[in-house]
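Student: Per the numbering used here, the sequence shown starts with residue 17, numbered consecutively. Idealized CB from N, CA, C, for every residue including glycine. Keep in mind that this is a model prediction, so the values were computed, not measured. Please find one structure pasted underneath; my questions will follow.
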Amino acid sequence: MQMRVSICARRGSLPGKQWKRRVRAAMQPSKIDHESLATEVKRAQAGELGAFHGLVVRFQDMAVGYAFSLLGDYHLAEDAAQEAFLDAFRKLPTLRHPEAFVSWLRTVVFKHCDRLRRCRPVAESLAEEDERLTADGMEPPMAAEQAEIARLVGKAIGSLPAGQREVVSLCYIGQRSGRQVATFLDLPLTTVKKRLHDAKPKLRRSMSGMAKQFLETNRPSRDARFADRVLRLASPDPSEDAAAIYNLFEAEDHPARGQWRAGRLADSHADWNVSRVAFARDGDNVERVVAALNAYDLTMRVGTAEVRAAGVNGDVVHPDIAVQRGEILEQTAAAAVGAMREAGYDLAVTFDDDALWLRQGFTRGWRALTWRVATADLPAGAAPGLERVDAVHRDDLATAYNATHSGLTGTVQRPTYRLNKHPGLFKTYRWDTGGDTRGYVSVDPESDGCLWVDEVAGDAGTCLTALRSTADGLGCEELLFDRLHYKSPVGVQLRQMSSCRLTTGTRLGKARWYLLKIVDLKSTMTKLAPMLHERLLASELSDWQGTLALELRADGTEEAVTLAVQNGTVQVHLGATGGNGIAGNQAIAQLLLGTEDPAEIVAENGIAVCGDAKRLLPVLFPPQHPQMENQAL
17 MQMRVSICAR RGSLPGKQWK RRVRAAMQPS KIDHESLATE VKRAQAGELG AFHGLVVRFQ
77 DMAVGYAFSL LGDYHLAEDA AQEAFLDAFR KLPTLRHPEA FVSWLRTVVF KHCDRLRRCR
137 PVAESLAEED ERLTADGMEP PMAAEQAEIA RLVGKAIGSL PAGQREVVSL CYIGQRSGRQ
197 VATFLDLPLT TVKKRLHDAK PKLRRSMSGM AKQFLETNRP SRDARFADRV LRLASPDPSE
257 DAAAIYNLFE AEDHPARGQW RAGRLADSHA DWNVSRVAFA RDGDNVERVV AALNAYDLTM
317 RVGTAEVRAA GVNGDVVHPD IAVQRGEILE QTAAAAVGAM REAGYDLAVT FDDDALWLRQ
377 GFTRGWRALT WRVATADLPA GAAPGLERVD AVHRDDLATA YNATHSGLTG TVQRPTYRLN
437 KHPGLFKTYR WDTGGDTRGY VSVDPESDGC LWVDEVAGDA GTCLTALRST ADGLGCEELL
497 FDRLHYKSPV GVQLRQMSSC RLTTGTRLGK ARWYLLKIVD LKSTMTKLAP MLHERLLASE
557 LSDWQGTLAL ELRADGTEEA VTLAVQNGTV QVHLGATGGN GIAGNQAIAQ LLLGTEDPAE
617 IVAENGIAVC GDAKRLLPVL FPPQHPQMEN QAL
């Protein structure tokens with residue numbers, strides 16, 4: 017299947033007439049309104065795909081016109097401008113002054129034009145040009161005529177001095193006024209007028225009318241194709257896109273490729289609104305899903321508090337465009353992350369592909385833990401009556417699990433995967449008292465004689481006795497606990513056994529970091545505040561009163577809140593006030609979840625701490641040894 021990658025934002029909830037008015041207005045030449053431009057850029061920086069699409073529509077003509085002035089070839093200019101917009105989409109969060117977007121975009125376009133000039137010849141043969149025009153839908157005779165006109169126009173404009181080429185291309189392709197061209201090129205208006213005035217006689221002597229007509233009729237805003245090729249990302253529609261997403265995963269050479277349809281995505285806690293898919297048009301101009309990234313809605317424990325976290329797990333790109341995998345996932349991830357705050361998330365969490373997520377503003381949180389212990393070390397007392405049940409969601413099992421994992425940072429409230437993350441793999445055994453479920457274990461005997469323990473819930477001693485009985489019955493001499501929480505009741509007992517070994521990484525030996533990002537500082541701290549107050553009251557600083565400010569400086573933005581502790585209450589306010597404060601980047605998320613000793617987190621990440629915050633740090637943010645279980649994400 018031949019595909020032309022086409023990653024474009026859907027119009028979302030805008031009514032048809034409103035959308036058309038917006039596009040028409042963006043296409044009309046007018047004075048650049050820097051205030052409204054800065055507002056639109058800020059919205060795009062916040063992850064609004066519609067806002068970025070608006071920027072593409074608004075500046076596509078100018079970008080292509082400027083590229084044409086540098087390259088002298090219209091199709092190369094379109095290619096360069098499209099690549100520049102894709103690059104701008106990725107780097108937009110780094111733009112510190114949104115009002116400088118126009119001049120910044122010019123430098124991005126120049127960079128891509130310069131790369132094209134160095135990597136390939138500017139001029140294409142007539143046969144190549146004819147082939148491109150035919151591919152755009154023209155009949156061969158018309159395509160040949162247009163190719164010849166394009167060559168002559170390119171030659172005529174190419175004969176102009178560089179400054180005149182820029183002005184002519186921007187005025188005709190860009191359809192912009194002299195004042196707008198001056199703003200884009202960062203030149204005085206008088207200079208722009210003089211260059212245009214000087215260029216006209218030279219063009220007139222060759223083919224001014226033909227050049228003007230060609231440039232105007234080929235400007236990108238003549239239709240929606242250019243903008244649609246620059247960005248095509250959207251939330252998947254489960255009724256329309258799910259099958260295509262499953263097909264993508266099943267096309268991969270991966271052991272879990274069939275699990276997404278069977279329950280890893282279907283019948284799960286997937287958030288289809290924040291998840292993202294990328295679309296492309298095939299050789300028949302039919303739009304198809306070519307990439308997907310899955311987000312899940314997690315209720316994550318942080319001590320005795322709970323926060324809403326967007327968990328990301330599962331990305332796939334069509335094998336036909338695998339060479340563009342990195343670029344496509346970069347944009348897809350950025351779009352998903354950009355949608356999280358509006359969707360009401362406090363934090364985001366993911367694992368693996370560290371480089372991708374660190375570029376998206378995440379920070380390293382904790383490593384996955386793998387435990388191994390000899391079966392002979394487990395208690396061999398009388399096992400409870402075990403009943404084999406399906407390893408799927410049941411309310412009684414979820415209740416037992418949630419009770420056992422209460423207060424364990426990083427673990428997630430059930431239900432999650434209703435048909436199990438690995439459908440059909442695990443064997444689940446429950447026990448009860450008078451018909452009421454008291455606990456269960458979920459396991460899988462591996463080919464190497466090891467029993468993979470996926471879940472345990474209930475009294476720790478009973479769990480270990482049940483596991484000993486199960487392992488003996490299956491002939492397993494060793495047990496492997498996958499991502500068992502360090503402070504869990506079972507973990508506490510395992511750590512006293514002589515054969516117990518803890519390693520970081522997965523059961524298959526893969527290093528695994530969980531990565532974190534604060535999505536909304538105020539909502540996060542509002543949910544954590546009562547727990548932080550409890551920690552304060554239980555410490556030697558129980559009489560402390562005052563304010564503690566937290567300032568998050570990341571992704572080119574700043575967010576600050578203040579915790580006010582007064583008369584036995586704690587409140588959270590926007591903004592930083594008082595002389596006690598903690599300020600830093602996303603590594604503040606490590607403090608909130610207690611991934612390490614707070615003093616180490618502060619020292620290793622350059623977090624600034626002032627006033628009483630130095631005394632409060634170990635009280636409010638003690639080590640929590642966070643761990644997220646397999647069935648959470």
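Quickly, what does DSSP pair P461 with across the bridge? List them, please.
Tutor: Here residue 461 refers to the residue found at position 445 when the sequence shown is read from its first residue. According to DSSP, P461 bridges with L467.
Student: What span of residues does the alpha helix (DSSP H) with Y651 cover, start to end?
Tutor: The question about residue 651 has no answer, for the chain in this structure spans 17 to 649.
Student: Please work out which residues of its chain come closer than 6 Å, Cβ to Cβ, to D103, disregarding the five sequence neighbours upstream and downstream, and give them in chain order.
Tutor: By one-based count along the sequence shown, residue 103 stands at place 87. Taken in chain order, the residues that qualify are V124.
Student: Excluding the 5 residues preceding and the 5 following G597 in the sequence, name in chain order all residues of the same chain whose CB lies nearer than 8 Å to its CB.
Tutor: Your numbering for residue 597 matches position 581 in the sequence shown. Within the same chain, G597 has close Cβ partners L564, A565, L566, E567, A624, V625, C626, G627 and A629.
Student: Would the C-beta of A648 count as close to the ligand NAP, meaning under 7 Å from any of its heavy atoms?
Tutor: Judged by which ligands are present, the structure shown has none, so any question about the ligand NAP falls away.
Student: I believe L590 touches K538 by the beta-carbon criterion, under 8 Å. Please report the beta-carbon distance rounded to the nearest angstrom.
Tutor: Locating residue 590 in the sequence shown gives position 574, counting from the first residue. Locating residue 538 in the sequence shown gives position 522, counting from the first residue. That belief holds up - the Cβ atoms of L590 and K538 are roughly 6 Å apart, short of 8 Å.
Student: Looking at the structure shown, is A259 part of a helix, part of a strand, or coil, going by DSSP?
Tutor: Taking the first residue of the sequence shown as 1, we reach residue 259 at position 243. Here A259 sits in helix by DSSP.
Student: Enumerate in chain order the residues of its own chain whose CB-to-CB distance from G423 is below 8 Å, with the five nearest sequence positions on each side excluded.
Tutor: Working through the sequence shown from its first residue, we reach residue 423 at position 407. Hits under 8 Å: R317, G319 and T320.
Student: Suppose you measure from the CA of Q76 to the CA of W373; what does that come to, to the nearest Å?
Tutor: As a working note, residue 76 is residue 60 in the sequence shown. As a working note, residue 373 is residue 357 in the sequence shown. Cα-Cα distance, rounded: 29 Å.
Student: If you draw a straight line from the alpha carbon of R631 to that of G595, how long is it in whole angstroms?
Tutor: Position 615 of the sequence shown, counted from the first residue, corresponds to residue 631. Position 579 of the sequence shown, counted from the first residue, corresponds to residue 595. Each residue's alpha carbon lies about 13 Å from the other.
Student: What residue from T486, L480 and L532 has the CA that sits closest to M513's CA?
Tutor: Locating residue 513 in the sequence shown gives position 497, counting from the first residue. With distances taken between Cα atoms, M513 lies closest to L480.
Student: When the Cβ atoms of the segment 280-289 are set against those of the segment 417-435, are three or more pairs found closer than 8 Å?
Tutor: Contact holds: three or more Cβ-Cβ distances are below 8 Å.
Student: Would you mind stating whether L649 and T540 have Cβ atoms separated by less than 8 Å?
Tutor: Position 633 of the sequence shown, counting from 1, holds the residue named residue 649. Position 524 of the sequence shown, counting from 1, holds the residue named residue 540. No.
Student: Take L483 and list the residues in its own chain whose beta-carbon comes closer than 7 Å to its own, dropping the five residues that flank it on each side.
Tutor: The residue labelled residue 483 in the question sits at position 467 within the sequence shown. Hits under 7 Å: L394, V457, V469 and L495.
Student: On the criterion of 16 or more Cβ atoms from any shown chain inside 10 Å, does Q376 qualify as buried, or is it exposed?
Tutor: For the purposes of this step, residue 376 is taken as the residue at position 360 of the sequence shown. Buried, because 16 or more other Cβ atoms sit within 10 Å of the Cβ of Q376.
Student: From E616 to L524, what does the alpha carbon distance come to, in whole angstroms?
Tutor: Sequence index remark: in the sequence shown, residue 616 carries index 600 (1-based). Sequence index remark: in the sequence shown, residue 524 carries index 508 (1-based). Near 30 Å, if we compare the C-alpha coordinates of L524 and E616.
Student: I think L121 touches A96, with their Cβ atoms under 8 Å apart; what is that distance to the nearest whole Å?
Tutor: If you number the sequence shown from 1, residue 121 lands on position 105. If you number the sequence shown from 1, residue 96 lands on position 80. The pair is not a contact, with the Cβ atoms about 12 Å apart (cut-off 8 Å).
Student: What are the start and end residues of the beta strand (DSSP E) that includes W382?
Tutor: For the purposes of this step, residue 382 is taken as residue 366 along the sequence shown, with counting starting at 1. Looking at the DSSP string, the run of the beta strand (DSSP E) that includes W382 is T379 to R383.
Student: Would you list the one or two residues that DSSP bridges to K543?
Tutor: Translated into positions along the sequence shown, residue 543 becomes position 527. Paired residues: none, contrary to the question.
Student: So which of K58, A580, T425 and Y445 has the shortest CA-CA distance to K607?
Tutor: Along the sequence shown, read from residue 1 onward, the residue named residue 607 stands at position 591. Note on residue identity: the sequence assigns Leu, not Lys, to residue 607. With distances taken between Cα atoms, L607 lies closest to T425.
Student: Can you tell me which of the three DSSP states L649 falls into?
Tutor: Taking the sequence shown and counting its residues from 1, one reaches residue 649 at position 633. In the structure shown, L649 sits in coil (DSSP, three-state: anything other than H, G, I, E or B).
Student: Leaving out five residues before and five after D152 in sequence, what residues of the same chain have Cβ atoms less than 6 Å from its Cβ?
Tutor: Taking the sequence shown and counting its residues from 1, the one referred to as residue 152 is at position 136. Only weak support is given to the placement of D152: the predicted model assigns it a pLDDT of 45, under 50, and the question is left unresolved by the model.
Student: With respect to the beta strand (DSSP E) encompassing R404, which residues constitute its N-terminal and C-terminal limits?
Tutor: As a working mapping, residue 404 is identified with position 388 in the sequence shown. Where R404 is concerned, the enclosing beta strand (DSSP E) stretches over E403 to V405.
Student: Pick helix, strand or coil for F75, following the three-state DSSP scheme.
Tutor: Reading the sequence shown from its first residue, position 59 is the one you call residue 75. Residue state, collapsed to three classes: helix.
Student: On the three-pair Cβ rule with 8 Å, is the segment 483-492 touching the segment 383-394?
Tutor: Because the criterion of three Cβ pairs below 8 Å is met, the segment 483-492 and the segment 383-394 touch.
Student: Which residue marks the beginning of the alpha helix (DSSP H) containing L413, and which one marks its end?
Tutor: Translated into positions along the sequence shown, residue 413 becomes position 397. Element bounds for L413: D411 to T420.
Student: Grab the span of the alpha helix (DSSP H) containing K526 for me, first residue to last.
Tutor: Taking the sequence shown and counting its residues from 1, the one referred to as residue 526 is at position 510. Looking at the DSSP string, K526 is not in any alpha helix (DSSP H), and its letter there is neither H nor E.
Student: At which residues does the alpha helix (DSSP H) containing F367 begin and terminate?
Tutor: In the sequence shown, counting from the first residue as 1, residue 367 sits at position 351. Not the alpha helix (DSSP H): F367 falls in the beta strand (DSSP E), residues L363 to F367.
Student: Which two residues bound the contiguous beta strand (DSSP E) that contains L6?
Tutor: Nothing about residue 6 can be reported from this structure: the residues present for the chain run from 17 to 649 only.
Student: Would you call the segment 302-312 in contact with the segment 336-350, where contact means no fewer than 3 C-beta pairs closer than 8 Å?
Tutor: Yes, since at least three Cβ pairs between the segment 302-312 and the segment 336-350 fall closer than 8 Å, the two stretches touch.
Student: Whole angstroms is fine: what's the gap from V184's alpha carbon to A215's?
Tutor: If you number the sequence shown from 1, residue 184 lands on position 168. If you number the sequence shown from 1, residue 215 lands on position 199. Approximately 7 Å between the Cα atoms of the pair.
Student: Could I get the ranges of all uninterrupted beta strand (DSSP E) runs contained in the segment 267-312, with 3 residues as the minimum, in chain order?
Tutor: Counting whole runs of 3 or more residues, the segment 267-312 contains the beta strand (DSSP E) stretches 292-298.
Student: Can the beta-carbon of A100 be found less than 8 Å from the beta-carbon of A116?
Tutor: Position 84 of the sequence shown, counting from 1, holds the residue named residue 100. Position 100 of the sequence shown, counting from 1, holds the residue named residue 116. Cβ atoms of A100 and A116: not closer than 8 Å.
Student: Given a cut-off of 8 Å on the beta-carbon distance, is the pair V428 and T315 in contact?
Tutor: Looking up residue 428 in the sequence shown gives position 412. Looking up residue 315 in the sequence shown gives position 299. Closer than 8 Å, so yes.
Student: Taking the beta carbon of W622 as the centre, do at least 16 other beta carbons fall within 10 Å, making it buried, or is it exposed?
Tutor: Looking up residue 622 in the sequence shown gives position 606. This sequence places Gly at residue 622; Trp is not what is there. It is exposed - the Cβ of G622 has fewer than 16 other Cβ atoms within 10 Å.
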